[in-house]
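Below is one structure, written out as C-alpha cells, with a few remarks after it.
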Amino acid sequence: MADKSQIGQSETMEPTIQSGRRSLLKYAGLASIIFLAGCETMVPRGGERAPTPTPTPPPVTSGLPTDQTHHRIALLVPLSGKNAGVGQSLANATTMALLDTKAGNIRMTNYDTAKGATVAARKAIADGNKLVIGPLLSDNVVAVANIARPAGVPILSFSNDAGVAGNNVFLLGHIPSQSIDRVVSYAKSKGMSRFAALVPNGVYGQRASSALLRSVKDVGGTVVSIQNFSRDSRSVEAATKKLSENGDFDAVLLADNGTMAIKAAPFIRKNASGSAKILGTDLWNTSSNLAGSPAMRGAWFASVSDGLYRQYAGKYRSRYGRAPFRLSSLGYDSVLLTVKVAQNWEVGTPFPIEQLTDSGGFIGLDGVFRFRRNGVSERALEVQEIKSGSFTVVDAAPKGF
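Take a look at the structure:
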C-alpha cells in the first residue's frame, strides 16, 4: 500500500487565483453528474478489501492513434503481485476519468511496476511519455525519478512519503500530518488545550509525534504525554497506563489505523481517562468497523470529504463488479488534473510543470487540493465524528485554503 507518513503545514491561498479552480470544477461537476446517474446504492467504507483483481486491461487510448495528435501519459502501478488489487483499481479509475472527461487528446499506457519500477520507467520514457502518473510506493518513486528526472518528465505519485517529493516529483497521496493539524485545531476550538498521544513504534509514529508537537504548539496548547506502543494488546495496555502520569488531558491522539484504534480505545478508558476526546488521523477513513465500536463513539478524525467519492464508488462497482480501493480516487483525480493542463499544452512539447503549482489549486473527487513548491499536496479536510453505526461531519472542509 502507499506509505503512511509525513509532515505538512498549511499556507494561505491568494484570493486572486480562483479562475483555475473554477475551470477544473467543470470536470468534477461533469463527473458528479455522471456518477449520480447510477449510484443509488453507496459503497460502504472499507471498500479497499476487494476480491482478486480483474485482468490487466490493454493500454487505454483516446483520440487518433498517432503521437502527433495526442499527449502520451504513462501510468506506473503494480498490476501483478501482492499489490495488484490496488494497482488495478487505480488503473480502472484512470480509465473511468478518461471516458468521463472525453479526453480526446490524451493517450495513456499502463506499465507494471511489480516487474521492476526501473524497467517500467525506462520503457515509459523510451515510449515518449511526457508525464508519469504513479508509482504507488515511495521506494519505487525514487527508482522512477532516477529515470524520469534526467529526461525532464515530471511524476505525479500516489505515495504520501514527503521524503521523496520535490525536484519534479509531486505527491497526490494524503499526508497524515495534515489530518493531525486539522483535528488538533478543531479540538482546540472546542476548548481542549491539554493533549496526549498513543503512537506506534517506527517511522510513522515518529512523524505523527512530531506533527502533534508542532500542531499543539501552533494552537497554544500543551502536550502532556506521548507514549509509544507495538501493535499488540499487551504493549497498548502498558502504554495507556503511562498516559496520565503527567496529569490529566482533554484529548488523546490515537495515531494508527482503525483496527488498532478499536483495540486501544477500551484501554484508554480503563487506564487513562474516561472522558478525554479520542482523536484520529485520515487512516480511519477506510475503517468501516469503527462505527460499530462502542469505545470509539464520539471520537473525531480529519479526512478528505467522501461525498463525490461515494458517487464514484457506486459507478465503479456498476462497471467493474466490485468496490474500488479508497486510494483509487487519486487515479481519477490525476486524470482530471492532466485534462485541465492539457487544454493549453501543445502536443509534443514537455509537460508544463509550472501549472502544477498554481496556488489556486484543483478540484477532484477528494475535494480541493494544490501542490506546494516542495511537491507535497495540500488538501482541504473535514472533521468527522464517529456515531453509533455511522460517521457524521461536524466541521465541513473549507472551500479554499
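Quick note on numbering: my numbering labels position 120 of the sequence shown as 116, and the sequence is numbered without any gaps. We put the beta carbon where it would ideally sit given N, CA and C, even for glycine.
Minimum C-alpha distance to residue i - residue among the options
i      : options                        : result
Arg230 : Ala139, Asn267, Leu132         : Asn267
Ser226 : Asn197, Asp354, Pro320         : Asn197
Gln223 : Gly201, Gly217, Arg210         : Gly201
Leu304 : Lys237, Ser384, Asp362, Leu95  : Asp362
Gln351 : Glu374, Ala338, Val343         : Ala338
Leu132 : Arg210, Val82, Lys238, Gly77   : Val82
Lys184 : Asp246, Asn142, His170, Asn136 : Asp246
Ala398 : Val335, Ile171, Ala204         : Because the chain in this structure spans residues -3 to 397, residue 398 falls outside the shown range and cannot be described.
Gly100 : Gln307, Phe321, Val335         : Val335
Glu342 : Gly217, Leu94, Ile102          : Ile102
Lys186 : Val215, Thr91, Pro320, Ala139  : Val215
Thr353 : Asn340, Ser373, Gly344         : Ser373
Gly371 : Arg322, Asn340, Pro150, Gly396 : Pro150
Asp177 : Val212, Leu194, Ile143         : Val212
Thr97  : Gly360, Lys238, Ala141, Asp135 : Gly360
Val232 : Ala257, Ser76, Arg369          : Ala257
Arg190 : Tyr182, Val199, Ser206, Val220 : Val220
Tyr312 : Ser76, Lys238, Gln84, Gln64    : Gln84
8 Å Cβ cutoff met for residue i and residue j
i      : j      : result
Asn281 : Ser299 : yes
Gly327 : Ala89  : yes
Tyr107 : Lys119 : yes
Ser175 : Thr255 : no
Val73  : Thr109 : yes
Asn253 : Leu279 : yes
Ser283 : Tyr308 : no
Val389 : Ala376 : no
Ile419 : Ala70  : Since the displayed the chain opens at -3 and closes at 397, residue 419 lies outside it and no answer follows.
Leu152 : Ser289 : no
Leu286 : Leu250 : no
Ser301 : Ala161 : no
Residue(s) in a DSSP beta bridge with residue i
i      : result
His66  : The partner list for His66 (beta bridge, DSSP) is empty, contrary to what the question assumes.
Asp391 : Val379
Arg190 : Thr218
Phe166 : Leu152
Gln223 : Leu194
Trp280 : According to DSSP, Trp280 bridges with nothing at all.
Gly288 : Gly288 pairs with nothing; no bridge assigned.
Phe365 : Phe358, Arg375
Ser76  : Answer is none; Ser76 lacks a bridge partner.
Ala116 : DSSP lists no partner for Ala116.
Leu127 : Ile69
Val248 : Ala192, Ile274
Ala147 : The partner list for Ala147 (beta bridge, DSSP) is empty, contrary to what the question assumes.
Trp296 : Leu275, Glu381
Residue i versus residue j: straight-line alpha-carbon distance, rounded
i      : j      : result
Val248 : Met104 : 45 Å
Val165 : Phe358 : 17 Å
Glu381 : Gly148 : 44 Å
Ser19  : Leu168 : Unreliable positioning characterises Ser19 in this predicted model, as indicated by a pLDDT of 38, which lies under 50. The coordinate reading is nonetheless provided below. Between Ser19 and Leu168, the C-alpha separation is close to 20 Å.
Gly124 : Arg145 : 14 Å
Asp391 : Asn156 : 24 Å
Val180 : Ala122 : 47 Å
Pro54  : Val137 : The predicted model places Pro54 with a pLDDT of 42, which falls under 50 and marks its position as unreliable; any figure quoted below should be read in that light. Roughly 23 Å between the two C-alpha positions.
Leu208 : Pro348 : 36 Å
Pro61  : Leu94  : Residue placement at Pro61 is flagged as unreliable, the pLDDT there being 44, under the threshold of 50; the coordinate-derived value follows with that caveat. Rounded to the nearest angstrom, the two C-alpha atoms are 16 Å apart.
Pro51  : Ala87  : Bear in mind that a pLDDT of 42 at Pro51, under 50, signals an unreliable position, so the number given afterwards is only what the model happens to contain. Their backbone Cα atoms lie some 11 Å apart in a straight line.
Met292 : Ala235 : 18 Å
Gly217 : Arg210 : 10 Å
Asn340 : His67  : 12 Å
Ile143 : Ala116 : 10 Å
Lys111 : Phe154 : 18 Å
Gly310 : Pro262 : 34 Å
Glu378 : Ala139 : 34 Å
Ser28  : Ala141 : Note that Ser28 scores 41 on pLDDT, short of 50, meaning its location in the model is unreliable and no value can be drawn from it.
Ser314 : Met92  : 12 Å
Phe367 : Ser355 : 8 Å
Phe297 : Asn163 : 32 Å
Gly243 : Lys395 : 38 Å
Arg306 : Leu323 : 13 Å
Burial state of residue i, where buried means 16 or more other Cβ atoms lie within 10 Å
i      : result
Ala260 : buried
Ser271 : exposed
Glu241 : exposed
Ser386 : exposed
Ala204 : buried
Gly317 : exposed
Thr345 : exposed
Pro320 : buried
Ser79  : Ser is not the amino acid found at residue 79; the sequence shown has Asn there. Counting Cβ neighbours within 10 Å, Asn79 comes out buried, since at least 16 surround it.
Ser384 : exposed
Lys273 : buried
Ser134 : buried
Leu333 : buried
Arg369 : exposed
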